[in-house]
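Novice: Structure below; questions to follow.
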Amino acid sequence: MILKQFVHDNLKAKYFYTLKKMLKYNITNLEMNLILIEIEIFFFQSVPLIIGQFLEKISHKNGIVNSSTGNNHFVRIMSTVNENDLKINTNVALHKNSNALVGIIKQEKCLKLGLLLQEKKT
Numbered sequence: 033m034i035l036k037q038f039v040h041d042n043l044k045a046k047y048f049y050t051l052k053k054m055l056k057y058n059i060t061n062l063e064m065n066l067i068l069i070e071i072e073i074f075f076f077q078s079v080p081l082i083i084g085q086f087l088e089k090i091s092h093k094n095g096i097v098n099s100s101t102g103n104n105h106f107v108r109i110m111s112t113v114n115e116n117d118l119k120i121n122t123n124v125a126l127h128k129n130s131n132a133l134v135g136i137i138k139q140e141k142c143l144k145l146g147l148l149l150q151e152k153k154t
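Following this note's numbering, the numbering of the sequence shown begins with 33 at its first residue and continues without gaps.
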């Protein structure tokens, strides 16, 4: 009886040790994936961007934007964009190749951007 209980407790301890080791491995793996995804998002947002004005929200993932090139685009809204800050006539940054909405440009930056564009024209 005592031997049976000892074997049972030993198996239970090995099971929990293996489970703990497996959970640590999974947590480390998930942290690495999170870092890789954050780097990917950074690179996606650092591609040359197009400035535009947000016109209308179609759904929580899509909207219409008037780009600086003069065209209206049906765009995908990245999940990293805060939807509460996304209002009509808000200046936004669009990805150059896919025209996905990748960021909202704050009002202070818009004023500086306008000055830079005026300097370039002259």
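Backbone N, C-alpha and C fix where the C-beta goes; we use that ideal spot for every residue, glycine too.
With C-beta atoms as the reference, is ILE83 less than 8 Å away from ASN123?
Specialist: To locate residue 83, count along the sequence shown from 1; it is residue 51. To locate residue 123, count along the sequence shown from 1; it is residue 91. Their beta carbons are under 8 Å apart, which means ILE83 touches ASN123 by this criterion.
Novice: On the DSSP bridge list, what partners appear for VAL159?
Specialist: Not covered by the structure: residue 159. The range shown for the chain is 33 to 154.
Novice: Need the endpoints of the beta strand (DSSP E) that GLY102 sits in, please.
Specialist: The count along the sequence shown starts at 1 and reaches residue 102 at position 70. Neither: GLY102 is in no beta strand (DSSP E) and is coded neither H nor E.
Novice: Name the residue from THR60, SER100, LYS52, VAL107 whose alpha carbon lies nearest to the alpha carbon of SER91.
Specialist: Here residue 91 is taken as the residue at index 59 of the sequence shown, counted from 1. That would be VAL107, whose Cα lies nearest to the Cα of SER91.
Novice: Please state if the CB of ALA125 and the CB of MET110 are separated by a distance shorter than 8 Å.
Specialist: Translated into positions along the sequence shown, residue 110 becomes position 78. Translated into positions along the sequence shown, residue 125 becomes position 93. Contact: no.
Novice: State the Cα-Cα distance for the pair LEU43 and LYS56, rounded to the nearest angstrom.
Specialist: In the sequence shown, residue 43 corresponds to position 11, counting from 1. In the sequence shown, residue 56 corresponds to position 24, counting from 1. Taking the straight line joining both Cα atoms gives about 20 Å.
Novice: Give me the residue from LYS128, PHE74, ASP117 with the minimum Cα distance to SER99.
Specialist: Along the sequence shown, one-based indexing puts residue 99 at 67. Comparing Cα-Cα distances from SER99 to each of LYS128, PHE74, ASP117, the minimum goes to LYS128.
Novice: Return helix, strand or coil for ALA132, following the three-state DSSP convention.
Specialist: Locating residue 132 in the sequence shown gives position 100, where the first residue counts as 1. Reduced to three states, the DSSP call for ALA132 is coil.
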